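Asks: Sequence positions in the sequence shown follow numbering that gives the first Met the number 0 and run 0 to 124.
We put the beta carbon where it would ideally sit given N, CA and C, even for glycine.
Because the structure is a prediction, the values reported are computed rather than measured.
Sharing a structure with you now.
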Amino acid sequence: MRIWIVKGAVPVAVSLAVVAVVTAVLWQIRLTAVGPQHLIFFYLLPIAFLAVLYGRFAAIVCGVAAAASAAYFLYDPLYSFYIASPLEMGELAFFAALASLGAKCAADLLRPAANFPARNPVTED
Numbered sequence: 000m001r002i003w004i005v006k007g008a009v010p011v012a013v014s015l016a017v018v019a020v021v022t023a024v025l026w027q028i029r030l031t032a033v034g035p036q037h038l039i040f041f042y043l044l045p046i047a048f049l050a051v052l053y054g055r056f057a058a059i060v061c062g063v064a065a066a067a068s069a070a071y072f073l074y075d076p077l078y079s080f081y082i083a084s085p086l087e088m089g090e091l092a093f094f095a096a097l098a099s100l101g102a103k104c105a106a107d108l109l110r111p112a113a114n115f116p117a118r119n120p121v122t123e124d
């Protein structure tokens with residue numbers, strides 16, 4: 000009876016766990032390396048992977064969580080959701096648009112072929 004709740008929670012939990020792991024790695028890079036820029040775009044590959052594995056909803060959850068954690072951990076001032084630079088705010092907005100577009104495209108890769116009309120090149124002359 001409540002199996003659908005568990006099935007719906009697994010993609011969300013996996014996407015949040017992926018964001019946590021990627022954020023930990025990027026946060027460590029941000030603290031140890033001098034001046035790495037545009038670290039937020041490293042979230043795009045896990046978002047595409049989650050879209051293929053679990054669908055569009057898990058990828059959107061991952062994208063929103065990635066944008067929030069990047070704003071908190073990767074942009075100055077650290078440990079605040081305030082972003083000091085308008086350029087970094089634009090980068091965050093561009094990331095959100097690119098992540099949602101990538102999530103849709105990657106999720107559509109696994110759409111069943113039955114949804115597409117059949118084409119027969121021999122009879123369509």
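Does the beta-carbon of Thr22 have 16 or more other beta-carbons within 10 angstroms, so that it is buried, or is it exposed?
Replies: Taking the first residue of the sequence shown as 1, we reach residue 22 at position 23. So Thr22 ends up on the buried side.
Asks: Once the 5 residues before and after Leu98 are set aside, which same chain residues still bring their CB inside 6 Å of it?
Replies: The count along the sequence shown starts at 1 and reaches residue 98 at position 99. It should be pointed out that residue 98 corresponds to Ala in this sequence rather than to Leu. Once the five neighbours on either side are set aside, the close Cβ partners of Ala98 are Ile46 and Gly62.
Asks: Going by alpha carbons, who is nearest to Gln36 out of Phe93, Ala95 and Leu73?
Replies: Here the question's residue 36 lines up with position 37 in the sequence shown. Cα-wise, what sits closest to Gln36 is Leu73.
Asks: Does the distance from the C-beta atom of Leu108 to that of Val51 stay below 8 Å?
Replies: Stepping through the sequence shown from its first residue, residue 108 is reached at position 109. Stepping through the sequence shown from its first residue, residue 51 is reached at position 52. Yes, Cβ-Cβ distance for Leu108 and Val51 is below 8 Å.
Asks: On the CB-based measure, 16 or more other CB atoms within 10 Å of its CB, does Phe80 come out buried or exposed?
Replies: As a first step, residue 80 is located in the sequence shown; it is residue number 81 there, counting from the start. Classification of Phe80: exposed, given that the 10 Å Cβ count is below 16.
Asks: Quick check on Leu25: buried or exposed, where buried means 16 or more other Cβ atoms within 10 Å of its Cβ?
Replies: For the purposes of this step, residue 25 is taken as the residue at position 26 of the sequence shown. The residue is buried, with at least 16 neighbouring Cβ atoms inside 10 Å.
Asks: Looking at the unbroken alpha helix (DSSP H) that takes in Gly89, where does it start and where does it end?
Replies: Against the sequence shown, residue 89 aligns to sequence position 90. Run containing Gly89: Pro85 to Asp107, per the alpha helix (DSSP H) assignment.
Asks: CB Ala83 to CB Asp75, shorter than 8 Å?
Replies: Here residue 83 refers to the residue found at position 84 of the sequence shown. Here residue 75 refers to the residue found at position 76 of the sequence shown. Contact flag set, yes.
Asks: I'd like to check one pair, Arg29 with Leu38: are the Cβ atoms closer than 8 Å?
Replies: Your numbering for residue 38 matches position 39 in the sequence shown. Your numbering for residue 29 matches position 30 in the sequence shown. Result yes, Cβ atoms of Leu38 and Arg29 sit closer than 8 Å.
Asks: Any idea what DSSP makes of Arg55, helix, strand or coil?
Replies: One-based indexing of the sequence shown puts residue 55 at position 56. It is helical.
Asks: Short of 8 Å in beta carbon distance, which residues of its chain neighbour Leu91, apart from the five on each side in sequence? Order them along the chain.
Replies: Residue mapping note: residue 91 aligns to position 92 of the sequence shown, counting from 1. So the qualifying residues of the chain are Ile39, Ala66, Ala69, Ala70, Tyr74 and Ile82.
Asks: Relative to the C-alpha of Ala105, which candidate in Val9, Ala57 and Ala12 has its C-alpha closest?
Replies: Sequence index remark: in the sequence shown, residue 105 carries index 106 (1-based). Checking every option, the nearest Cα to that of Ala105 belongs to Ala57.
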